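Single-structure report; data block below.
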Amino acid sequence: MFPELFRIGNFPINTYGVLLAAGMLLALFVTARLAARDGLPRERIYDLGLWTLIGGLIGSKILMVLTEENVQIFSLDFLRSGGVYYGG
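What follows is the structure in structure tokens.
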């Protein structure tokens, strides 16, 4: 697997991020279709997907702070470390 798919200027587009986003969007699409079939509003499912993403990112930062040694809690590089939803 290629870690970097391509670049846009100096900004790398990583394979992991693309596949993670595709998986999240596909899961959200399937869940919205199933919810609509059961008579639930799709808007609620899209809202739930957004809150799930936000909660997962915040939770991964908290888990990183609790489990990693010598971590800088107020790092200026907030978006680059500990950003996976399963805590790393």
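Numbering of the sequence shown is given in our numbering, commencing with residue 73 and proceeding in unit increments.
From the three backbone atoms N, C-alpha and C, an ideal C-beta is built for every residue, glycine too.
Computed from a predicted structure; not experimentally measured.
Rounded C-alpha distance that separates residue i from residue j
i, j, result
"Gly111", "Thr103", "12 angstroms"
"Ala93", "Glu141", "29 angstroms"
"Leu82", "Arg109", "One point to set straight first is that residue 82 is Asn, not Leu, in the sequence displayed. In a straight line, the C-alpha of Asn82 is about 44 angstroms away from that of Arg109."
"Gly159", "Val137", "Caution applies to Gly159, whose pLDDT of 47 falls short of 50 and renders its modelled position unreliable; the model cannot decide the point."
"Ile134", "Thr124", "15 angstroms"
"Tyr88", "Glu76", "8 angstroms"
"Leu106", "Gly128", "23 angstroms"
"Ile117", "Gly95", "16 angstroms"
"Val86", "Arg114", "The sequence given here places Asn at residue 86; Val does not occur at that position. Cα to Cα, Asn86 sits roughly 30 angstroms from Arg114."
Paired residues, beta bridge with residue i - DSSP
i, result
"Phe83", "Ile80"
Under the three-state DSSP convention, the category residue i falls into
i, result
"Glu141", "coil"
"Phe101", "helix"
"Leu112", "coil"
Option nearest residue i by Cα separation, candidates the options
i, options, result
"Leu122", "Phe101, Gly89, Glu140", "Phe101"
"Asp119", "Ile80, Leu97, Gly89", "Leu97"
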